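Colleague:
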DNA sequence: GTTAGCACTCAAAAAGATGGAGTGCTAACA
DNA sequence: TGTTAGCACTCCATCTTTTTGAGTGCTAAC
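Residue numbers (my numbering), protein chains in the order written: chain S, 1 to 358; chain A, 359 to 716.
#1: Specify the secondary structure class of residue 284 of chain S as computed by DSSP and reduced to three states.
#2: Do you know offhand how far residue 387 of chain A's Cα is from residue 378 of chain A's?
#3: Of all Cβ atoms in chain S, is any one closer than 8 Å to the Cβ of residue 528 of chain A?
#4: With residue 174 of chain S as the anchor, note down where its beta strand (DSSP E) starts and where it stops.
#5: Taking C-alpha atoms, which residue in S:255, S:311, S:221, S:138 lies nearest to residue 324 of chain S?
#6: Under a CB-based cut-off of 8 Å, is residue 174 of chain S close to chain A?
#7: Buried or exposed for residue 332 of chain S, please, with buried defined as at least 16 other CB atoms from any protein chain shown within 10 angstroms of its CB.
#8: For residue 393 of chain A, which residues of its own chain have a beta-carbon under 6 Å away from its beta-carbon, when the five flanking residues on both sides are left out?
#9: Output needed for residue 494 of chain A: all residues of its chain with C-beta closer than 6 Å, excluding positions within five of it in sequence on either side, in chain order.
#10: For residue 470 of chain A and chain S, any beta-carbon pair shorter than 8 Å?
#11: Taking just the CA atoms, how far does residue 508 of chain A sit from residue 558 of chain A?
#12: Would you grab the beta carbon distance between residue 160 of chain S and residue 148 of chain S for me? Rounded to a whole angstrom, and I think it's under 8 Å.
#13: Based on the DSSP output, what are the partners of residue 160 of chain S in its beta bridges?
#14: For residue 440 of chain A, is the classification buried or exposed, using 16 other Cβ atoms within 10 angstroms of its Cβ as the cut-off for buried?
#15: So which residues on chain A does residue 251 of chain S lean against when the C-beta distance must stay under 7 Å?
#16: Quick check on DSSP: helix, strand or coil for residue 390 of chain A?
#17: So which residues on chain A does residue 165 of chain S lean against when the C-beta distance must stay under 9 Å?
#18: In terms of DSSP beta bridges, what is residue 676 of chain A paired with?
#19: Could you say if the segment 518-529 of chain A and the segment 563-575 of chain A meet the contact criterion of at least three C-beta pairs nearer than 8 Å?
#20: Check whether the Cβ atoms of residue 628 of chain A and residue 612 of chain A lie closer than 8 Å to each other.
#21: Taking Cβ to Cβ, would you say residue 512 of chain A is nearer than 8 Å to residue 305 of chain S?
#22: Ordered along the chain, which non-local residues of its own chain (more than five positions away) have a Cβ less than 6 Å from that of residue 684 of chain A?
#23: Can you list, in chain order, the residues of the segment 507-522 of chain A whose Cβ is nearer than 9 Å to any Cβ on chain S?
#24: Just to confirm before moving on: does the CB-CB distance between residue 9 of chain S and residue 48 of chain S stay below 8 Å?
#25: Cβ of residue 431 of chain A within 7 Å of any heavy atom in the ligand FMN?
#26: By alpha-carbon positions, which one of S:263, S:261, S:275, S:259 ends up nearest to residue 243 of chain S?
#27: Output yes if chain A places a C-beta closer than 8 Å to the C-beta of residue 343 of chain S; else output no.
#28: Would a C-beta distance cut-off of 8 Å place residue 695 of chain A and residue 385 of chain A closer than the cut-off?
#29: So with CB distances below 8 Å, who are the chain S contacts of residue 399 of chain A?
#30: Considering only residues of the same chain and omitting the five flanking positions on each side of residue 590 of chain A, which have a CB-CB separation below 6 Å?
#31: Which residues in the same chain as residue 550 of chain A place their Cβ atom closer than 7 Å to its Cβ, once the five residues preceding and following it in sequence are excluded?
#32: In the DSSP assignment, find the alpha helix (DSSP H) that holds residue 297 of chain S and state where it starts and stops.
#33: Could you give the distance in angstroms between the alpha-carbon of residue 661 of chain A and the alpha-carbon of residue 480 of chain A?
#34: Which of helix, strand or coil does DSSP assign to residue 666 of chain A?
#35: Near residue 567 of chain A, what residues of its chain come up, given a Cβ to Cβ distance below 7 Å and the 5 sequence neighbours on each side ignored?
#36: Give the DSSP-derived three-state secondary structure of residue 113 of chain S in the structure shown.
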């Protein structure tokens, strides 16, 4: 027992799952008897279903109902699908690259219209949600190298300085500094020199208390200003810890009755609203990298409590140098895994390209 | 008929509404008979209720049910309340300034912890939602004066310039400009001079095609760079058109059964998720300014279709010079108007103060 | 090993029964 | 004339019962 599934059982299991994905209702033996090409009577199917139930691949909501896939069943189905996809990919069977016109069109729109990363990501999230009818989330690429590239103080008014800090990856931070008394051009020049010689090329982690003390000492009377600049530097780095997450389509869950009772829906949507918890999910994704870069979490496998009744599919896109971001889809366990995986793959590739160009 | 309400009717109406606000269930004549201090039998109350129904202040969900307030009834109640609040305020009856400890504590937390406007506003929204148990929204102040204060080009790398544009209100925009070929320090200096002499002190609207042409001509070979800087300027202004809206607590509606059926909840939350439509609401608010700066929209009065079954309370905070932002609460029609109005008032005052200091 | 047949189960839908909160109206009362 | 007690009536909400039908598990025959 439990020595794997023979050909027939696999076919039946697959048929059950696919039917369930479509209808969302428990599927009975007669349905399968008609559905499948192997010509078997419902009675035979029943016997096999009984076995599959015992093995834990499917379950009965109650005695006299049809069967629904268990988490183990889904897992089997998804693994099969992924394996097949990889095989196809290996032999360059690019029938898989069937265009998703909606997402394709997206690409152009996005590149054209949005000059700002923020808007672009929001747009992508929206599109993905619309395309799949599930909830989507996406993070901006996480820059893990915070090396400082450029620092500059300029005079705004007699009592106001503007500090600009640029880090690698062209992330920019501004800080306005109010002075107690005017400062000469010369002083500003000196401070600029000081800041650049000390900080330029450093990573965030390399700025320690000793260094700060040195800097302040050098600055003498103007150590206040230094403190403010360092503050800006600090902010630039802090953003790292909580990468921004863009979401869309959380309300799509109302399309799936098994998720839309008040209690569940409320928790689910709150999770999306707060976004905080989503970070955990994505952290996990980032951690273990797979061949395709696509991960599927089914039911309890997700790290987030409130999504126990859902499945989560994520993909990691790269800019190279280990700078990565994540796209994800959250939907009911009976989601259209194939479509979701394809969509994410397409999008991941597009993002990879896009960033490579930019 | 319809010549206003006598004292007794007013008392009864108020009692009905208040009871309904608490319970959320239709209220019957006996309840009122016990509740109120004017000693009347339920029969008498019934007669009065019948009148009030005819006048349109209250309604019956069905023949043999109690009464619930109609929009007109709510309107009456809110108007009364606001009038009283204003009266209190006029004679400096500051018992009204009863502290809301939660919001008070907020103030300090906020000022302490958040250096970034964005985070602060998000925090405020979250707090307000938590305090009231309704959904909250808040916009960043909308700067309507876009006068340019400072422009600077700096070299980042040999083929990269950094443009910094600062507008009044200390809004800052950065733009990185890629060059085709290196640029001498001297050229950068000249371009800086050029940009500042032409653009400094101008409002967005004053930058027209003629001016741009002049600038580009002056810049000669480097007109590309000018175009990029103007792009940054453009962005600085564009942000105006769609002020960022921060929201929180959309899922609070699930606490109110009359709003939490799938259909309604879905639409409601989607509105909050997209935020786009909320802008309309806030635009409206900004338009007509009242004495207290607090507005209440009941049911159909709201400009947003999906909120027909809700009430919306908004407040406008000011930085002076007509620079304003909005805070708002969306909840069921039977919301605790008094508490909401007080909370918004408190918050509005705090924001006014805070920005005055900053 | 497969299948037809049949008794049995159980959830969901439909139909019926009960109770109670609340009204509107009438007639009596101060 | 305004107020009140009394009563018949309405209608929703709740609970119970009935019906229906999809689906199973088992047995016996092929």
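Cβ coordinates follow ideal geometry from the N, Cα and C atoms, glycine included.
Because the structure is a prediction, the values reported are computed rather than measured.
Modeller: On the basis of the coordinates in this document:
#1: Numbered from 1 along the first chain, position 284 holds the residue referred to as residue 284 of chain S. It is helical.
#2: On the second chain, position 29 is the one that residue 387 of chain A refers to. On the second chain, position 20 is the one that residue 378 of chain A refers to. Straight-line Cα distance between these residues: approximately 12 Å.
#3: Here residue 528 of chain A corresponds to residue number 170 of the second chain, with the count starting at 1. Judged by the 8 Å Cβ criterion, residue 528 of chain A is in contact with chain S.
#4: Locating residue 174 of chain S in the first chain gives position 174, counting from the first residue. 171-178 is the span of the beta strand (DSSP E), which, as asked, contains residue 174 of chain S.
#5: Locating residue 324 of chain S in the first chain gives position 324, counting from the first residue. Minimum Cα distance to residue 324 of chain S is reached at S:138.
#6: For this step, residue 174 of chain S is matched to residue 174 along the first chain. Yes, residue 174 of chain S lies at the interface with chain A (some Cβ there is under 8 Å from its Cβ).
#7: Taking the first chain and counting its residues from 1, one reaches residue 332 of chain S at position 332. Classification of residue 332 of chain S: buried, given that the 10 Å Cβ count is 16 or more.
#8: In the second chain, counting from the first residue as 1, residue 393 of chain A sits at position 35. Once the five neighbours on either side are set aside, the close Cβ partners of residue 393 of chain A are 373.
#9: Walking along the second chain from the start, residue 494 of chain A turns up at place 136. For residue 494 of chain A, where only same-chain residues beyond five positions count, the Cβ hits under 6 Å are 483, 486, 487, 606, 607, 687.
#10: For the purposes of this step, residue 470 of chain A is identified with residue 112 of the second chain, where counting begins at 1. With a pLDDT of only 45 at residue 470 of chain A, under 50, the local geometry of the prediction cannot be trusted, and the value read off the model is given with reservation. With 8 Å as the cut-off, residue 470 of chain A does not count as an interface residue toward chain S.
#11: Position 200 of the second chain, counting from 1, holds the residue named residue 558 of chain A. Position 150 of the second chain, counting from 1, holds the residue named residue 508 of chain A. Looking at the two C-alpha atoms, the distance is approximately 6 Å.
#12: Sequence index remark: in the first chain, residue 160 of chain S carries index 160 (1-based). Sequence index remark: in the first chain, residue 148 of chain S carries index 148 (1-based). Not really, about 23 Å apart at Cβ, beyond 8 Å.
#13: The sequence position of residue 160 of chain S within the first chain is 160, counting from 1. DSSP, once it has assigned bridges, lists S:157, S:178 as partnering residue 160 of chain S.
#14: Reading the second chain from its first residue, position 82 is the one you call residue 440 of chain A. Buried, by the Cβ-count rule.
#15: The residue given as residue 251 of chain S occupies position 251 in the first chain. What residue 251 of chain S touches in chain A: 624, 627, 628, 631.
#16: Counting from 1 along the second chain, the entry for residue 390 of chain A is found at position 32. Reduced to three states, the DSSP call for residue 390 of chain A is helix.
#17: Here the question's residue 165 of chain S lines up with position 165 in the first chain. The premise fails here: residue 165 of chain S is roughly 10 Å from chain A at the closest Cβ pair, so nothing lies under 9 Å.
#18: Looking up residue 676 of chain A in the second chain gives position 318. DSSP output for residue 676 of chain A lists A:682 as bridge partner(s).
#19: no
#20: Residue 628 of chain A sits at position 270 when you count from the first residue of the second chain. Residue 612 of chain A sits at position 254 when you count from the first residue of the second chain. Cβ distance not < 8 Å, so residue 628 of chain A and residue 612 of chain A don't count as in contact.
#21: On the second chain, residue 512 of chain A is found 154 positions in, with the first residue counted as 1. On the first chain, residue 305 of chain S is found 305 positions in, with the first residue counted as 1. No, these two residues do not count as a Cβ contact at 8 Å.
#22: Locating residue 684 of chain A in the second chain gives position 326, counting from the first residue. Taken in chain order, the residues that qualify are 497, 640, 643, 672, 674.
#23: Of all residues in the segment 507-522 of chain A, 507, 508, 510, 512, 513, 514, 515, 518, 520, 522 have a Cβ within less than 9 Å of some Cβ in chain S.
#24: What you label residue 9 of chain S is simply residue 9 of the first chain in a count that begins at 1. What you label residue 48 of chain S is simply residue 48 of the first chain in a count that begins at 1. The answer is yes: Cβ separation under 8 Å.
#25: This structure lacks the ligand FMN; in fact it carries no ligand of any kind.
#26: Within the first chain, the letter at position 243 stands for residue 243 of chain S. Looking at S:263, S:261, S:275, S:259, the one whose alpha-carbon comes closest to that of residue 243 of chain S is S:275.
#27: For the purposes of this step, residue 343 of chain S is identified with residue 343 of the first chain, where counting begins at 1. Residue 343 of chain S does not count as touching chain A.
#28: Numbered from 1 along the second chain, position 337 holds the residue referred to as residue 695 of chain A. Numbered from 1 along the second chain, position 27 holds the residue referred to as residue 385 of chain A. No.
#29: Reading the second chain from its first residue, position 41 is the one you call residue 399 of chain A. Simply none; closest approach about 40 Å.
#30: What you label residue 590 of chain A is simply residue 232 of the second chain in a count that begins at 1. So the qualifying residues of the chain are 521, 523, 531, 533.
#31: The residue labelled residue 550 of chain A in the question sits at position 192 within the second chain. If we look at residue 550 of chain A and ignore the five residues flanking it on each side, its Cβ neighbours are 510, 511.
#32: For this step, residue 297 of chain S is matched to residue 297 along the first chain. That residue, residue 297 of chain S, is in no alpha helix (DSSP H); its beta strand (DSSP E) goes 294-298.
#33: Start at 1 with the first residue of the second chain, and residue 661 of chain A comes out as number 303. Start at 1 with the first residue of the second chain, and residue 480 of chain A comes out as number 122. Going from the Cα of residue 661 of chain A to the Cα of residue 480 of chain A covers about 24 Å.
#34: The residue you call residue 666 of chain A lines up with position 308 of the second chain. Taken through DSSP and simplified to helix, strand or coil, residue 666 of chain A comes out as coil.
#35: For the purposes of this step, residue 567 of chain A is identified with residue 209 of the second chain, where counting begins at 1. Counting only Cβ-Cβ distances below 7 Å, and skipping sequence neighbours, we find nothing.
#36: Reading the first chain from its first residue, position 113 is the one you call residue 113 of chain S. With a pLDDT of 42 at residue 113 of chain S, under the threshold of 50, the modelled position of this residue cannot be trusted; read the value that follows with caution. Of the three classes helix, strand and coil, the one that applies to residue 113 of chain S here is helix, per DSSP.
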